[in-house]
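Numbering of the sequence shown is given in the numbering used here, commencing with residue 46 and proceeding in unit increments. Structure, as structure tokens:
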Amino acid sequence: MPRLPTLPLIDWKVVFASGQDHAAWLAGGEALENQRKMEIFHDSLELEPQTQGFLSALPRSVNIVAIAEDWCGDVVRFVPVLQRLVEASSKLNVRFIPREQHPEVFARFLTNGGEAIPKFIFLSETWVECGNWGPMPEGCKELIARGKACGDVAAARRKVSALYEADSNRRRVVQELLKHLDIVSSREP
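In structure tokens:
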């Protein structure tokens, strides 16, 4: 039987080190209006007490590579959520990279064959890839996939917009990100 091709190994420690922290990433962006939107949402986002308790009790450090660019609407919606979680725990470390900085990395995280951001890659404290999230909540990704399947992506996007409006505090995103943090910081299976 022929051997299947394997993806090249990624040195996640090097990729992480090449990224920028949130402040540098935000300051180096191109879309000033979107930067202001992210700052406003970030400043208004309050984490629930159970979320803060979960974050303060993380048993191990977590490294996150965020593929994000400030021109993207979903980046504007979801990067502030990630950043608020990072600020709430000394165990979380994040670095931001653009798609072009590491094309071999981004190519591994296409969404249904398409380039969509943000993508948050969750890495253990020993730089093992343990999961990824993005570019939007799972239910929204499913709607877009269904829209593509039936040839009506515009209707799917309208439904996604309605879901975004119904969850203006991004609680669904917080829960999905916490699930990834729980997995990557776990001490046992």
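Cβ atoms here follow ideal geometry from the backbone N, Cα and C, with glycine treated the same way.
For E170, there is no enclosing beta strand (DSSP E), as DSSP gives it neither H nor E. Sorting A161, K136, F141 and Q97 by C-alpha distance to the C-alpha of V219 places Q97 at the top. V124 sits away from V131, with the two beta carbons spaced by 7 Å or more.
In this structure, L168 lies near N108, with their beta-carbon atoms less than 7 Å apart.
In terms of CA proximity to W70, P143 leads the group P143, P182 and W57. The beta-carbon distance between K193 and I112, rounded to whole angstroms, is 22 Å. This is too long to meet the 8 Å contact definition.
In this structure, DSSP gives G159 an extended state, which the three-state scheme calls strand. For D115, the closest C-alpha among the options E84, S134, L226 and L90 is that of E84.
The alpha-carbon separation between G196 and G159 amounts to approximately 16 Å. Within its own chain, the residues whose Cβ lies closer than 7 Å to the Cβ of W178, once the five positions on either side in sequence are excluded, are F165, E221, L222 and H225, listed in chain order.
The beta carbon of L208 is closer than 7 Å to those of G184 and C185 in its chain, skipping five residues each way along the sequence.
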